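Participant: Once you've had a glance at the structure underneath, I'll fire off some questions.
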Amino acid sequence: MKNITRHTGTVTDIKRMPTSHAGNPRYSFLVDGYRVVTPIDSMLGYELTNYTDKLVMVTMGTHYNKLTLDSIKIADWWNKRAWW
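To convert, take the position in the sequence shown, counting from 1, and add 73; that gives the numbering used here.
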């Protein structure tokens with residue numbers, strides 16, 4: 074994965090994508106104005122729905138010219154710039 078950046082925002086507009094060949098779920102969603110997809114065969118596809126409409130901090134990067142989620146964590150509401 075290249076060009077990894079960190080953003081803080083609310084997870085909205087979650088859309089289900091076709092599953093991987095192994096049967097794992099994939100999602101597309103908006104955070105901080107960016108359309109992001111979950112990686113293929115990643116556990117992030119299973120936990121993404123837990124973050125719906127919550128303030129999160131994400132790292133994302135490009136993978137085959139698609140903006141792909143690298144990590145996600147609930148943000149501290151008092152300090153949007155804090156990082157684990």
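Using N, Cα and C, we set each Cβ at its ideal position, and we do this for glycine too.
This one's a predicted model, so the numbers in the text were calculated from it and none came from an experiment.
Can you give the Cα-Cα distance for T92 and N123, rounded to whole angstroms?
Facilitator: On the sequence shown, residue 92 is found 19 positions in, with the first residue counted as 1. On the sequence shown, residue 123 is found 50 positions in, with the first residue counted as 1. Using only the alpha carbons, I get a separation of about 18 Å.
Participant: So, using beta-carbon positions, are T132 and D143 closer together than 8 Å?
Facilitator: The sequence position of residue 132 within the sequence shown is 59, counting from 1. The sequence position of residue 143 within the sequence shown is 70, counting from 1. A contact, by the Cβ cut-off of 8 Å.
Participant: In chain order, what are the residue ranges of uninterrupted beta strand (DSSP E) at least 3 long that sit wholly in the segment 85-154?
Facilitator: List check, beta strand (DSSP E) in window: 85-90, 99-104, 107-110, 128-136, 139-147.
Participant: Would you decide whether M116 is buried or exposed? Buried here means 16 or more other CB atoms lie within 10 Å of its CB.
Facilitator: By one-based count along the sequence shown, residue 116 stands at place 43. Per the 10 Å Cβ criterion, exposed.
Participant: How about D114 and N138: do their beta carbons lie closer than 8 Å?
Facilitator: Position 41 of the sequence shown, counted from the start, is the residue given in the question as residue 114. Position 65 of the sequence shown, counted from the start, is the residue given in the question as residue 138. Cβ distance not < 8 Å, so D114 and N138 don't count as in contact.
Participant: Count the other C-beta atoms from every protein chain shown that fall within 10 angstroms of the C-beta of R89, then say buried if there are 16 or more, exposed otherwise.
Facilitator: Mapped onto the sequence shown, residue 89 falls at position 16. Classification for R89: exposed.
Participant: Name the residue from L140, I145, K146, D149 whose alpha carbon lies nearest to the alpha carbon of M74.
Facilitator: Working through the sequence shown from its first residue, we reach residue 74 at position 1. Closest by alpha carbon: L140.
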